[in-house]
Amino acid sequence: MAAHATVDRERSARRIELDIETLAGPDYTVSSEAIRRYAYTPVYRNTLDYFTAALQELGFTVSEDPVGTLIARNRPPGQPVFGIGSHCDSNRNGGRYDGTMGVVTALEVCRLNAELGLDLPLQLISFLEEEGSGFGQMLLGSRIMLQRVTEDELRESFRAIDDGRSFWEHAESAGYEPARWRESIHALDDLTGWIEMHIEQARVLQDTGNRIGLVHTIAGYVHADVIVEGRGDHAGATPMDLRLDPTTVLAETVLELERLAVAAGQGTVGTVGEIEVDPGLINAIASRIRFSLDIRGPVDDAYSGVARDVAAFAERAAAARGMTADVRQRQTLPATPLDDRIVDALDAAAAATGEPYIRMHSGAAHDTMCVADRVPSAMVFVPCKDGISHHPDEDANPADAALAAEIILGAIAALQD
Ligand code: GLV
Ligand code: MN
Ligand code: MN
1014 MAAHATVDRE RSARRIELDI ETLAGPDYTV SSEAIRRYAY TPVYRNTLDY FTAALQELGF
1074 TVSEDPVGTL IARNRPPGQP VFGIGSHCDS NRNGGRYDGT MGVVTALEVC RLNAELGLDL
1134 PLQLISFLEE EGSGFGQMLL GSRIMLQRVT EDELRESFRA IDDGRSFWEH AESAGYEPAR
1194 WRESIHALDD LTGWIEMHIE QARVLQDTGN RIGLVHTIAG YVHADVIVEG RGDHAGATPM
1254 DLRLDPTTVL AETVLELERL AVAAGQGTVG TVGEIEVDPG LINAIASRIR FSLDIRGPVD
1314 DAYSGVARDV AAFAERAAAA RGMTADVRQR QTLPATPLDD RIVDALDAAA AATGEPYIRM
1374 HSGAAHDTMC VADRVPSAMV FVPCKDGISH HPDEDANPAD AALAAEIILG AIAALQD
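Under the working numbering, the first residue of the sequence shown is numbered 1014, with each subsequent residue one higher.
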């Protein structure tokens, strides 16, 4: 397709900017300080309704799977379609672009497809709960779709951060049919390929002066919790040598995780992002502490070695101080190589625009990790300012997203042959 010759990038950028601006308004976020929207809240419903209306206007048939992942297509069921999309939920302290810019860009691909008279067969997906902001489970909609959960987890273990009720209960209250969750996989039945566009969430593109990143691998990850049991006591009256203070194990483990991740190299990173201190009072030694481990990288052996070593370290560090540490795995996904043929088609479409681009890996997790299990998949990144993401200061340029839309459209057109 000679899409680069005909696409009006400025018009695309204006439309993308308007969508993003609208979806940052008060009807679409629970918080005024950040973008905060997650499954089964009214603001999330409004967001799905926004995309539904825009896609129906383009003649797409829009539906939702049994738990609420949005699916829109311009061909009847059974006919092959090419998949595009991302997620439109946000981190609890999120910005406007993570996920949402990917769905908006996919919508722009659908608009261009109609305007340019290309009539490419397309299916847009906006996955439920990519961020885990509702139930603490990342990639939940795509894991449900790929059957990477158990019914027991959906009925019992996955509980809402806000009120502790189960995922199942929440899904039913919102009018969905979680009992049919296994049917969710049929959304992939007709897909001949899948491309997700996303902000980079790091600063490789900015630092190298590239406008587009073509992702060939997505980093794998281990998510776990460490629970250290100590002995709660008086902060003033308890001498230093008579304490069983679990925060000391936290402190040692955070530093050891940093040391291990740096030593492992190869893109390995480790983060302690959640710390829960019980009882959490200034004048009391904690009796118990829970902290999370998020350990990732593109090389499975490297990051899973760090996960194993830091768990063993925490257990030893607790034992050395007369306490116990229990390490519980929450979730893990291996690093995901993406499809060469689709990455090559994107490469050719990017080259045709004359704009600077590179191939790279993704440090962040994406629903594409699940989709790629079944469907040849790739991702396109655009820069985000200073790499800041999962923060209200997140910033990205609609002009880059417009360029990504053109490249995705060109690649899909080429892949039809
Ligand atoms: C997803 O948002 C992630 O944390 O990678
Ligand atoms: Mn995202
Ligand atoms: Mn995110």
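Glycine included, every Cβ here is placed at the ideal spot set by N, Cα and C.
Less than 7 angstroms separating the Cβ of residue i from some heavy atom of ligand 1?
{"i": "Met1151", "result": "yes"}
Taking the beta strand (DSSP E) that residue i falls in, what are its first and last residues?
{"i": "Leu1346", "result": "Thr1337 to Leu1346"}
{"i": "Leu1268", "result": "Careful: Leu1268 lies outside any beta strand (DSSP E), inside the alpha helix (DSSP H) at Pro1259 to Ala1277."}
{"i": "Trp1207", "result": "Leu1204 to Ile1212"}
{"i": "Asp1291", "result": "Ile1288 to Asp1291"}
{"i": "Asp1238", "result": "Gly1233 to Glu1242"}
{"i": "Ala1085", "result": "Leu1083 to Arg1086"}
{"i": "Val1094", "result": "Val1094 to His1100"}
{"i": "Asp1307", "result": "Arg1301 to Gly1310"}
{"i": "Thr1284", "result": "Val1282 to Thr1284"}
{"i": "Ile1371", "result": "Tyr1370 to Ser1375"}
When DSSP labels each residue in this structure, what does residue i get in the three-state scheme?
{"i": "Ala1066", "result": "helix"}
{"i": "Phe1140", "result": "strand"}
{"i": "His1199", "result": "helix"}
{"i": "Ser1025", "result": "helix"}
{"i": "Ala1016", "result": "Note that Ala1016 scores 43 on pLDDT, short of 50, meaning its location in the model is unreliable; the coordinates nonetheless yield the value given after this. Note: Ala1016 maps to helix in three-state DSSP."}
{"i": "Met1392", "result": "strand"}
{"i": "Asp1220", "result": "helix"}
{"i": "Thr1230", "result": "strand"}
{"i": "Glu1077", "result": "strand"}
{"i": "Ile1033", "result": "helix"}
{"i": "Gly1145", "result": "coil"}
{"i": "Thr1349", "result": "strand"}
{"i": "Asp1246", "result": "strand"}
{"i": "Gly1108", "result": "coil"}
{"i": "Arg1050", "result": "coil"}
{"i": "Ala1297", "result": "strand"}
{"i": "Arg1172", "result": "strand"}
{"i": "Leu1167", "result": "helix"}
{"i": "Leu1071", "result": "coil"}
{"i": "Leu1133", "result": "coil"}
Below 7 angstroms, is the gap between the Cβ of residue i and the nearest heavy atom of ligand 2?
{"i": "His1379", "result": "yes"}
{"i": "Glu1142", "result": "no"}
{"i": "Gly1081", "result": "no"}
My assumption, with CB atoms under 8 angstroms, is that residue i sits in contact with residue j. Please give the rounded CB distance.
{"i": "His1100", "j": "Glu1143", "result": "3 angstroms"}
{"i": "Ala1348", "j": "Thr1230", "result": "6 angstroms"}
{"i": "Glu1121", "j": "Ser1025", "result": "5 angstroms"}
{"i": "Ala1297", "j": "Ala1363", "result": "Not confirmed; about 57 angstroms, so no contact."}
{"i": "Glu1213", "j": "Phe1064", "result": "Incorrect: roughly 23 angstroms between the Cβ atoms, too far for contact."}
{"i": "Leu1257", "j": "Gly1335", "result": "6 angstroms"}
{"i": "Ile1208", "j": "Ile1421", "result": "5 angstroms"}
{"i": "Ser1444", "j": "Ala1232", "result": "Lying before the first or after the last residue shown, residue 1444 is absent from the chain, which here runs from 1014 to 1430."}
{"i": "Arg1387", "j": "Leu1159", "result": "7 angstroms"}
{"i": "Leu1351", "j": "Ser1390", "result": "6 angstroms"}
{"i": "Asp1078", "j": "Ala1200", "result": "6 angstroms"}
{"i": "Gly1096", "j": "Gly1206", "result": "7 angstroms"}
{"i": "Val1262", "j": "Val1241", "result": "5 angstroms"}
{"i": "Arg1050", "j": "Asp1102", "result": "6 angstroms"}
{"i": "Val1356", "j": "Ser1155", "result": "That pair is no contact at about 20 angstroms."}
Would you mind reading off the limits of the alpha helix (DSSP H) that contains residue i?
{"i": "Tyr1316", "result": "Asp1313 to Ala1333"}
{"i": "Leu1422", "result": "Pro1411 to Leu1428"}
{"i": "Thr1381", "result": "Thr1381 to Val1384"}
{"i": "Glu1128", "result": "Thr1113 to Glu1128"}
{"i": "Ala1362", "result": "Asp1353 to Thr1366"}
{"i": "Phe1180", "result": "Phe1180 to Ser1186"}
{"i": "Met1158", "result": "Leu1153 to Met1158"}
Heavy atom of ligand 3 less than 7 angstroms from the Cβ of residue i, yes or no?
{"i": "Asn1104", "result": "yes"}
{"i": "His1403", "result": "yes"}
Could you tell me whether the Cβ of residue i comes closer than 8 angstroms to any Cβ of chain D?
{"i": "Ala1264", "result": "Among the protein chains of the structure shown there is no chain D, as only one such chain exists."}
Inset, instruction - Indicate whether the contact test is met: 3 or more Cβ pairs, each with one atom in the stretch 1395-1412 and one in the stretch 1215-1228, closer than 8 angstroms. - result: Because the criterion of three Cβ pairs below 8 angstroms is met, the stretch 1395-1412 and the stretch 1215-1228 touch.
Inset, instruction - Determine, using beta-carbon pairs with one atom in the stretch 1404-1411 and one in the stretch 1234-1241, whether at least three such pairs fall under 8 angstroms. - result: Contact fails: fewer than three Cβ-Cβ distances are below 8 angstroms.
Inset, instruction - Could you say if the stretch 1096-1116 and the stretch 1018-1036 meet the contact criterion of at least three C-beta pairs nearer than 8 angstroms? - result: Short answer: they touch.
Inset, instruction - Count the CB pairs spanning the stretch 1062-1073 and the stretch 1017-1030 that are closer than 8 angstroms, and state whether there are at least three. - result: Flag = no, the stretch 1062-1073 and the stretch 1017-1030 do not touch.
Legend entry - Exercise answer, beta-carbon shell around ligand 5 heavy atoms below 5 angstroms: Ligand 5 is not among the ligands present in this structure, which contains only ligand 1, ligand 2 and ligand 3.
Inset, instruction - Flag this pair as touching only if the stretch 1324-1333 and the stretch 1264-1278 have three or more C-beta atom pairs under 8 angstroms; answer yes or no. - result: A contact is defined here as three or more CB-CB pairs under 8 angstroms, and the stretch 1324-1333 meets this definition with respect to the stretch 1264-1278.
Inset, instruction - Give a yes or no on contact between the stretch 1133-1141 and the stretch 1163-1180, applying the rule of three or more CB pairs nearer than 8 angstroms. - result: Two segments are said to touch when three or more pairs of C-beta atoms, one from each, lie closer than 8 angstroms; by this definition the stretch 1133-1141 does not touch the stretch 1163-1180.
Legend entry - Inter-stretch contact (C-beta, 8 angstroms, three-pair minimum) for the stretch 1306-1323 and the stretch 1268-1284: Yes: at least three Cβ pairs fall under 8 angstroms.
Legend entry - the stretch 1126-1139 / the stretch 1075-1090 touching (three or more Cβ pairs under 8 angstroms): Segments in contact, yes.
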